[in-house]
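First residue of the sequence shown? That's 1 in UniProt numbering, and the numbers climb one at a time after it.
No residue lacks a Cβ here, since even glycine has one placed at the ideal position from N, Cα and C.
For reference, the structure is listed below as structure tokens.
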Amino acid sequence: MPKSFCIFEIKVIFVIVSPLKNGRIVSYFCKRILVYNHLIKTIFMSKHLFRLVFGAFFLVAATAFTGCSDDDDKSLTPKLTADPTALDFTDETATTQTVAITANCEWTVTASNLDWATISPMSGKGNGTISVTVSELPAGTNLREGKISFTLIHPEFGKWGQAESSVAVKQYGSGVTPPPTGDPIYANDFDKEQAQKGADGKFPFADAFEGWKNQTGTGADNVAYKTSGISVRSNSPSNDSHSKYKDDASGVNNMFFGTSGVFEIQKIALDPAQKNLCLTFGSYKSLYDAEDNAFVTSEFHVYLSKDGENWAEIAYDRPVGDDEHSKYGTWALATANFTLKQVPSELYIKFTSDLTSSHCIDDVKLFEGIGGTEVDLDNITPPVTETKTIAEVIAGSVGATYTTQGQVVAINGRSFLIQDNSGKILVYLGWKDNKPVVDYSATIGQTVKVTGKTTTYSKLVQFSETDLVIEKVSDGSFTQPTPEKFDGAAFDAYAAATPVIKYIEYSGTLTIDGYYYNIAVDGTDLQGSLAYPADGFVDASLNGQVVIVKGYTLGMTNQSKMLSTIAVSVE
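Structure below.
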């Protein structure tokens with residue numbers, strides 16, 4: 001074998017062996033010595049050259065072995081702990097406090113919402129101490145708070161990530177006493193069991209799934225719930241990468257507010273001394289096809305009650321980031337600080353949304369706090385609801401509560417239609433356990449007063465069953481107007497336009513299939529559909545026959561293939 005080849009090979013050994021680490025260098029180094037031992041003996045006959053090469057060779061080996069202790073350090077997982085993990089600044093404490101750092105690596109400090117504090121030093125290596133100095137609290141401010149986090153630096157790979165240990169920093173106003181630490185009064189992350197979609201591809205409603213009832217706390221033993229229009233979802237988790245409180249968020253399940261959503265927590269036990277309270281909850285808004293999903297507190301409401309009957313709305317703070325002014329919502333923590341004027345034995349909390357299928361909440365927590373706005377649950381003045389015309393209700397914010405009055409002009413098994421001089425609106429009674437949620441027997445011609453929340457269905461505004469109150473004003477009679485004749489072309493034109501409620505007449509072949517009453521109309525691929533006629537309203541013998549339908553249009557359903565009708569007559 002040529003000398004040049006062997007010299008080349010030995011050089012390769014030097015080059016390759018030097019970066020190898022720990023046990024691998026020993027294995028590789030020994031193998032190469034065995035392979036090339038006879039070549040080296042054969043070629044390097046010169047003692048001088050032999051000593052020179054092997055001296056260099058073993059120098060490399062010695063250097064590699066000497067470096068093993070450094071490599072051992074590099075193989076360690078960076079860790080850091082801070083003590084204490086909370087700093088409270090009050091009138092009675094110094095303006096500077098210290099935190100002891102125990103670490104096996106370099107680290108840097110990250111301050112969140114602490115532009116009012118000075119931290120020194122902002123970096124270090126291994127064990128050390130940082131000092132935190134706060135500035136004077138602005139007048140009228142009872143509390144401000146921030147967080148100190150630590151970024152770990154690996155000796156070889158650089159930034160390693162955030163340390164699990166962090167420091168909560170709070171500064172309290174003059175005369176404000178920090179709340180006691182310990183267990184919350186009530187807390188629920190809704191994560192007892194992950195919600196899954198059913199065979200219908202939909203997440204379960206809260207009243208049909210128990211996996212969200214994961215409450216803990218000193219006052220949670222006898223807690224009960226009341227929900228309406230709430231589903232439990234495990235998409236859009238609160239700890240996603242964009243969440244403003246991802247480090248403290250639970251993720252997994254959240255509560256989604258669908259049509260006229262209401263989530264009520266009942267019977268949270270309070271001690272007489274628990275008057276200064278803080279309520280926090282993860283909050284999220286994402287409205288389909290909206291260009292701006294910034295969270296607006298006036299669209300999502302929080303109420304307190306001592307009996308579940310009379311409610312006082314409370315204000316809360318919720319930060320809004322620039323990234324929320326987009327098609328995508330962002331999770332953030334909302335906070336309400338309040339003081340109960342009289343402490344009830346039980347507290348009720350209610351969340352409602354003015355929007356449909358837009359808001360979610362997670363990580364609801366009630367604990368003793370510094371107090372805030374005084375809430376008098378013994379003297380709640382019921383809100384005075386102004387009676388509005390039907391046109392004003394339709395033009396108002398969907399999800400708000402309205403009172404209107406009108407005459408009943410059509411009825412089916414789950415709703416009835418009322419009108420005044422300004423327009424028409426459907427009053428939906430709901431449906432559960434094979435009966436209407438709201439028990440009211442309307443008759444055509446009757447005048448009623450309706451109070452409740454609005455929602456939309458088939459692009460038309462209607463009253464939902466949520467908090468629905470119906471009061472009969474008087475009985476009466478009503479004569480239907482002359483119907484507008486609808487043929488196939490009229491069906492197509494209606495489907496292409498903005499839906500309105502109008503009295504029409506059309507004919508076609510009736511097909512009855514369970515709850516479905518569909519009418520095939522000549523001259524169009526669309527069909528008429530009778531919306532939940534009451535039992536016995538349609539003669540079963542008409543199945544398969546050509547019928548004449550008179551009734552009121554309720555928009556398009558079934559992916560705009562069916563013209564929904566609340567029928568007055570089917571002959």
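Presumed contact (8 Å Cβ cut-off) between residue i and residue j, rounded CB distance
{"i": "glycine 430", "j": "glutamate 465", "result": "3 Å"}
{"i": "glutamine 274", "j": "glutamate 392", "result": "Contact flag wrong, Cβ pair sits at about 43 Å."}
{"i": "alanine 493", "j": "leucine 526", "result": "Not quite, the Cβ-Cβ distance comes to about 10 Å (not below 8 Å), so this is no contact."}
{"i": "alanine 249", "j": "tryptophan 331", "result": "7 Å"}
{"i": "glycine 528", "j": "valine 549", "result": "6 Å"}
{"i": "lysine 453", "j": "serine 260", "result": "5 Å"}
{"i": "valine 473", "j": "threonine 443", "result": "Contact flag wrong, Cβ pair sits at about 13 Å."}
Separation of residue j from residue i, as counted between CA atoms
{"i": "valine 409", "j": "isoleucine 418", "result": "6 Å"}
{"i": "serine 422", "j": "alanine 497", "result": "21 Å"}
{"i": "phenylalanine 338", "j": "asparagine 276", "result": "6 Å"}
{"i": "proline 173", "j": "leucine 340", "result": "According to the sequence provided, residue 173 is glycine. The question's proline does not apply to it. The straight-line gap from Cα to Cα measures roughly 20 Å."}
{"i": "aspartate 183", "j": "lysine 365", "result": "10 Å"}
{"i": "valine 99", "j": "valine 132", "result": "8 Å"}
{"i": "serine 407", "j": "glycine 229", "result": "The sequence shown places glutamine at residue 407, not serine. Each residue's Cα considered, the two are about 28 Å apart."}
{"i": "threonine 381", "j": "serine 441", "result": "31 Å"}
{"i": "leucine 304", "j": "glutamate 156", "result": "54 Å"}
{"i": "lysine 213", "j": "aspartate 363", "result": "12 Å"}
{"i": "lysine 449", "j": "serine 231", "result": "30 Å"}
{"i": "glycine 126", "j": "glycine 161", "result": "16 Å"}
{"i": "threonine 297", "j": "serine 353", "result": "10 Å"}
{"i": "leucine 279", "j": "threonine 335", "result": "6 Å"}
{"i": "valine 17", "j": "serine 75", "result": "For valine 17, the predicted structure reports a pLDDT of 40, less than 50, and the residue's modelled location is therefore unreliable. A value from the coordinates is still provided. Between valine 17 and serine 75, the C-alpha separation is close to 19 Å."}
{"i": "lysine 424", "j": "glycine 396", "result": "14 Å"}
{"i": "leucine 59", "j": "histidine 154", "result": "Model confidence at leucine 59 stands at a pLDDT of 48, short of 50, so the residue's coordinates are unreliable; what they give is reported in the following sentence. Leucine 59 and histidine 154: Cα-Cα distance of roughly 28 Å."}
{"i": "glutamate 471", "j": "valine 176", "result": "49 Å"}
{"i": "leucine 554", "j": "tyrosine 517", "result": "15 Å"}
{"i": "glycine 217", "j": "alanine 269", "result": "10 Å"}
{"i": "isoleucine 512", "j": "glutamine 545", "result": "10 Å"}
{"i": "isoleucine 314", "j": "valine 343", "result": "16 Å"}
{"i": "glutamate 299", "j": "tryptophan 107", "result": "43 Å"}
{"i": "glycine 329", "j": "asparagine 253", "result": "17 Å"}
{"i": "isoleucine 390", "j": "threonine 85", "result": "57 Å"}
{"i": "valine 53", "j": "aspartate 83", "result": "Because the pLDDT of valine 53 is 47, which lies under 50, any placement of that residue in the model is unreliable, and the question is left without a value."}
{"i": "histidine 301", "j": "asparagine 104", "result": "48 Å"}
Terminal residues of the beta strand (DSSP E) in which residue i lies
{"i": "glutamate 346", "result": "346–353"}
{"i": "alanine 269", "result": "254–269"}
{"i": "valine 438", "result": "Neither: valine 438 is in no beta strand (DSSP E) and is coded neither H nor E."}
{"i": "alanine 540", "result": "Alanine 540 -> no beta strand (DSSP E), and no H or E assigned at all."}
{"i": "residue 574", "result": "Since the first residue of the chain shown is 1 and the last is 571, residue 574 is not available in this structure."}
{"i": "serine 149", "result": "143–154"}
{"i": "isoleucine 418", "result": "415–419"}
{"i": "glutamine 405", "result": "401–411"}
{"i": "tyrosine 515", "result": "Here tyrosine 515 belongs to no beta strand (DSSP E), and DSSP marks it neither H nor E."}
{"i": "glutamine 196", "result": "Looking at the DSSP string, glutamine 196 is not in any beta strand (DSSP E), and its letter there is neither H nor E."}
Proximal residues to residue i (C-beta, below 6 Å), its chain only, five neighbours per side dropped
{"i": "alanine 220", "result": "Tyr186"}
{"i": "alanine 163", "result": "Leu80, Phe150, Leu152"}
{"i": "valine 294", "result": "Per the sequence shown, the amino acid found at residue 294 is alanine instead of valine. Closer than 6 Å at Cβ, skipping near neighbours: Val320, Glu324, His325."}
{"i": "glutamine 215", "result": "Asn188, Val223"}
{"i": "lysine 388", "result": "Tyr402, Thr404"}
{"i": "glutamate 193", "result": "Gly211"}
{"i": "threonine 102", "result": "Thr81, Asn127"}
{"i": "aspartate 88", "result": "Lys170, Pro178"}
{"i": "threonine 90", "result": "Tyr172"}
Chain B contact for residue i (CB, 8 Å cutoff)
{"i": "alanine 534", "result": "Note that chain B does not occur in the displayed structure, where there is just one protein chain."}
Residues near residue i by beta carbon distance below 7 Å, same chain, minus five either side
{"i": "arginine 24", "result": "Here the model assigns arginine 24 a pLDDT of 38, short of 50, so the residue's position is not dependable and the matter cannot be decided."}
{"i": "valine 109", "result": "Ile119, Met122, Ser123, Ile130, Ile148, Phe150"}
{"i": "tyrosine 428", "result": "Arg414, Ser415, Gln462, Phe463, Ser464, Glu465"}
{"i": "serine 560", "result": "Ala495"}
Close-in-space but distant-in-sequence residues of the same chain around residue i (CB under 8 Å, 5 per side omitted)
{"i": "glutamate 264", "result": "Tyr225, Lys226, Thr227, Gly308, Tyr348, Ile349, Lys350, Phe351"}
{"i": "aspartate 240", "result": "Lys246, Gly251, Trp331"}
{"i": "alanine 534", "result": "Ile411, Asn412, Gly413"}
{"i": "valine 398", "result": "Asp354, Leu355, Thr356, Thr454, Thr455, Thr456, Val461"}
{"i": "asparagine 543", "result": "Leu510, Thr511, Ile512"}
{"i": "residue 596", "result": "Since the first residue shown for the chain is 1 and the last is 571, residue 596 is missing from the structure and cannot be characterised."}
{"i": "isoleucine 310", "result": "Note on residue identity: the sequence assigns asparagine, not isoleucine, to residue 310. Excluding sequence neighbours, asparagine 310 sits near Leu377, Ile380, Pro382."}
{"i": "serine 165", "result": "Leu80, Thr81, Ala82, Thr85, Phe150"}
Run of the alpha helix (DSSP H) containing residue i, from where it starts to where it stops
{"i": "aspartate 221", "result": "Unbroken run through aspartate 221: none, as it is neither H nor E."}
{"i": "phenylalanine 89", "result": "Element bounds for phenylalanine 89: not the alpha helix (DSSP H) but the beta strand (DSSP E), 86–89."}
{"i": "phenylalanine 491", "result": "488–496"}
{"i": "glutamate 392", "result": "390–395"}
Does the count of Cβ pairs from the segment 317–328 and the segment 280–294 closer than 8 Å reach three?
-> yes
Does the segment 520–529 come close enough to the segment 484–493 that 3 or more CB-CB pairs lie under 8 Å?
-> yes
The segment 103–116 touching the segment 188–200, judged by at least three CB pairs closer than 8 Å | no
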